[in-house]
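A.B. asks: Positions 2 to 83 (the numbering used here) are the ones given, in order, by the sequence shown. Here it is: the structure, laid out below.
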Amino acid sequence: MTMEEIMPTGKFTEAQLELLRMFSRQYPDKLWIEVKDLLSKYFMEKASGEMNNLFEQQEWGDKKIQEWATEHMRTPYHKKGE
């Protein structure tokens, strides 16, 4: 990831500054692994909850999942000159 992708404006957001303040000290590697795991689980749960909401709103179920499993969505391959 480039610095431009992380900070497109060249400035830290308030959230980024808060994280920098929180983690300005040296911590054991084990702690960083635990923090990354907690953040991963948090965002996974948020995404899962949003998917559940979407399924409820759209009234999707097992039939829709099976439909997706058999759906062909690949972009056709064309050789140069065709």
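Built from N, CA and C at the ideal position, the CB exists for glycine as well.
Consult DSSP for Phe13 and reduce its assignment to one of helix, strand or coil.
C.D. replies: If you number the sequence shown from 1, residue 13 lands on position 12. Three-state result, Phe13: coil.
A.B. asks: Taking DSSP as the reference, what is the three-state secondary structure of Glu57?
C.D. replies: Here residue 57 refers to the residue found at position 56 when the sequence shown is read from its first residue. Note: Glu57 maps to helix in three-state DSSP.
A.B. asks: Taking DSSP as the reference, what is the three-state secondary structure of Met74?
C.D. replies: By 1-based counting over the sequence shown, the position of residue 74 is 73. Here Met74 sits in coil by DSSP.
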